[in-house]
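Undergrad: Sharing a structure with you now.
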Amino acid sequence: MEKPVRAPGPPPRPLEVVPAARFLAPDQGFAVAGGVGLAENANHSRYLPVMIPLHQLAPGDDATVAAIHADAALRSRLAALGVRIGQRVRMVRKGRFAGPLHIRLGTTDVILRHRQAGQIEVAR
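Read in my numbering, the sequence shown has 829 at position 70, and its numbers run on one by one without any break.
Here it is as structure tokens:
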């Protein structure tokens with residue numbers, strides 16, 4: 760059996776070990792590292808929060824924006840409305856079927872299409 764031949768070039772770099780504390784946001788207890796973050800519960804133990812699309816929240820539920828999977832135009836529109844990673848959101852109400860969603864960001868109310876809300880992942 761032949762040995763696999765490696766392509767010419769520099770040798771692969773070893774993996775870098777990065778402490779998790781580097782990604783923690785001290786003011787919120789929630790950190791985002793590539794869309795996945797650590798949260799801290801009431802017992803001060805860290806865990807990975809449940810990530811779901813924004814449109815799956817029930818009215819009255821609070822969550823934190825963890826990732827936005829959208830094109831540049833929608834990303835900039837959401838940023839102008841205040842939807843940013845790490846921002847707390849509250850689902851106020853949902854339209855029937857796949858209707859619009861009413862969310863609250865602090866004191867700002869925003870209406871989003873169901874499809875747009877599906878591109879936003881939140882952590883409870």
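Cβ coordinates follow ideal geometry from the N, Cα and C atoms, glycine included.
Would you grab the beta carbon distance between L813 and V881 for me? Rounded to a whole angstrom, and I think it's under 8 Å.
TA: Indeed they touch by this definition, with Cβ atoms about 5 Å apart.
Undergrad: Tell me whether L837 sits in a helix, a strand or coil according to DSSP, three-state version.
TA: Of the three classes helix, strand and coil, the one that applies to L837 here is helix, per DSSP.
Undergrad: What separation, rounded to the nearest whole angstrom, lies between the Cα atoms of I862 and G841?
TA: Cα-Cα distance, rounded: 11 Å.
Undergrad: Out of A839, R883, G845, point me to the one whose CA is closest to D868's CA.
TA: It is A839.
Undergrad: Counting C-beta neighbours from all protein chains within 10 Å, is the total for A876 16 or more, i.e. buried, or is it exposed?
TA: Its Cβ being crowded by 16 or more others within 10 Å, A876 is buried.
Undergrad: For R843, which residues from the same chain have a beta carbon less than 7 Å from its beta carbon, with the 5 sequence-adjacent residues on both sides left out?
TA: Excluding sequence neighbours, R843 sits near V824.
Undergrad: Rounded to whole angstroms, what's the CA-CA distance from A817 to R872? Just pull it up for me.
TA: Their Cα atoms are separated by approximately 16 Å.
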